[in-house]
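Student: One structure is given below, represented as structure tokens, and several questions about it will come after.
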Amino acid sequence: MASIPRGEILRKLYAKAEAGIPILGGGAGTGISAKCEETGGIDLIVIYNTGRYRMAGRVSITGLFAYGDANAIVMDMAREVLPVVRHTPVLAGVNATDPFRLMPLFLRQVREAGFSGVQNFPTVGLFDGIMRANMEATGLGYDKEVEMIRLAREMDLLTTPYCFNEDEARAMAKAGADMIVAHLGLTTGGTIGAAVAITMEEAMDTTMRIAAAAREVRKDILVICHGGPFDDPDRVGQAIERMPGVNGFYGATSMERLPVERAITGQVRDFARMRTAPFTGR
Numbered sequence: 012m013a014s015i016p017r018g019e020i021l022r023k024l025y026a027k028a029e030a031g032i033p034i035l036g037g038g039a040g041t042g043i044s045a046k047c048e049e050t051g052g053i054d055l056i057v058i059y060n061t062g063r064y065r066m067a068g069r070v071s072i073t074g075l076f077a078y079g080d081a082n083a084i085v086m087d088m089a090r091e092v093l094p095v096v097r098h099t100p101v102l103a104g105v106n107a108t109d110p111f112r113l114m115p116l117f118l119r120q121v122r123e124a125g126f127s128g129v130q131n132f133p134t135v136g137l138f139d140g141i142m143r144a145n146m147e148a149t150g151l152g153y154d155k156e157v158e159m160i161r162l163a164r165e166m167d168l169l170t171t172p173y174c175f176n177e178d179e180a181r182a183m184a185k186a187g188a189d190m191i192v193a194h195l196g197l198t199t200g201g202t203i204g205a206a207v208a209i210t211m212e213e214a215m216d217t218t219m220r221i222a223a224a225a226r227e228v229r230k231d232i233l234v235i236c237h238g239g240p241f242d243d244p245d246r247v248g249q250a251i252e253r254m255p256g257v258n259g260f261y262g263a264t265s266m267e268r269l270p271v272e273r274a275i276t277g278q279v280r281d282f283a284r285m286r287t288a289p290f291t292g293r
């Protein structure tokens, strides 16, 4: 599909937000995931390298390490996903710290491929401690992600960056981000989900602080939540009702991996309950 104009996307997103209807974004690691998400009524589909690992049965954090070229993987996944999406904006997860890419050129390639926007993934926001300090000190810091979002905004691509704290939210808002995605860490649940996460109360508090910080810069910026204990429709729905000003939810694990795990497991168990006439051929 061809890219969808940013203004057209934003009109629909603001209409939902103003009507009190949550904006929903979802990661798609396969074409069938994208088709089903679109059929279900999703607002945004995001392709990033973690989707390939996730749907191959590997933990999502795999996408942060040197098991493949994240940007090349996204462009390869686009060949599978973009042709089967009919009317939903598809965003590319861009590894902004990639030292082998000329980012303005790569963003043009992203747009020409049919993507309507970008998200900053893989992101150094998921690193902390000595590793994060070393990345920031050697030119591979979060500022590269902010700059990528700024460039994408200048190209009139939709921008929905991950932010992990108030300072990052302010920086992305200043860069022109259309929507902040408050990232609360790896999603829990399922066979390969994170075993440890912050509590729901902590997640809600962090999300609200990120939203407030972004809106110190721009009142009109949209904010949605992702990750950590935000994993199930009922739990997310209850949390959003308690977070005024949070406009929706972005799910990747919760939109495709967890449903697949549950559906396939349940289907096989249902078949396994069948019985046949005893075999008497031996």
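The working numbering runs 11 ahead of the 1-based position in the sequence shown.
Glycine is no exception: its CB is placed at the ideal position from the N, C-alpha and C atoms.
1) For G259, collect the residues of the same chain with a Cβ closer than 7 angstroms to its Cβ; drop the 5 residues on either side in sequence, then sort them by chain order.
2) To the nearest angstrom, report how far apart G74 and G104 are at their CA atoms.
3) Comparing alpha-carbon positions, which option in A186, G238, V257 lies nearest I221?
4) Taking buried to mean at least 16 other C-beta atoms within 10 Å of its own C-beta, is Y78 buried or exposed?
5) Does DSSP classify V234 as helix, strand or coil?
6) Pull up the distance between the alpha-carbon of G238 and that of L113, whole angstroms please.
7) Mind checking K230: buried by the 16 CB within 10 Å criterion, or exposed?
8) Could you check which residue in S14, G248, A182, Y153 has the C-alpha nearest to that of A224?
9) So which of F126, M146, A144 has the shortest CA-CA distance to L168?
10) How about the region 115-129 and the region 93-101: do they share at least three Cβ pairs that are nearer than 8 angstroms?
11) Assuming I191 is part of the beta strand (DSSP E), what are its boundary residues?
12) Helix, strand or coil: how does DSSP classify Y64 here?
13) To the nearest angstrom, report how far apart G204 and T198 are at their CA atoms.
14) Suppose you measure from the CA of P244 to the CA of R293; what does that come to, to the nearest Å?
15) Determine the direct distance from the alpha carbon of T291 to that of A81, and round the result to whole angstroms.
16) Closer than 7 angstroms by C-beta to C47: which residues in its own chain qualify, once you throw out the five before and the five after it? Chain order, please.
17) Just verifying my parser: in three-state terms, what is the DSSP assignment at L93?
18) Cα-Cα, which of A89, R65, R63, G51 is closest to M12?
19) Which residues mark the beginning and the end of the beta strand (DSSP E) in which L102 is found?
20) Apart from the five residues on each side of it in sequence, which residues of its chain come closer than 7 angstroms, Cβ to Cβ, to M166?
21) Tell me the DSSP bridge mates of C174?
22) Among A288, M215, R280, which residue has its Cα nearest to the Cα of I249?
23) Between S71 and R65, which are expected to be in contact by the criterion C-beta below 8 angstroms, what is the C-beta distance as a whole number of angstroms?
Tutor: Let me spell this out:
1) P33, I34, L35, I235
2) Using only the alpha carbons, I get a separation of about 11 angstroms.
3) When A186, G238, V257 are compared, the shortest CA-CA separation from I221 is found for V257.
4) exposed
5) strand
6) 30 angstroms
7) With fewer than 16 other CB atoms across the displayed protein chains lying within 10 angstroms of its CB, K230 is exposed.
8) Nearest of S14, G248, A182, Y153 to A224, Cα basis: A182.
9) F126
10) Flag = yes, the region 115-129 and the region 93-101 touch.
11) 190-194
12) helix
13) Low per-residue confidence applies at G204: pLDDT is 49, beneath 50, and the placement is therefore not dependable, though the value from the model is reported in the following sentence. So the alpha carbons of these two residues sit roughly 6 angstroms apart.
14) 51 angstroms
15) 55 angstroms
16) Result list for C47: empty, nothing under 7 angstroms.
17) Three-state DSSP puts L93 in a helix.
18) Nearest of A89, R65, R63, G51 to M12, Cα basis: A89.
19) 101-105
20) L118, R122
21) Beta-bridge pairing links C174 to A193.
22) Inspection of the sequence shows that residue 249 is occupied by Gln rather than by Ile. With distances taken between Cα atoms, Q249 lies closest to M215.
23) 5 angstroms
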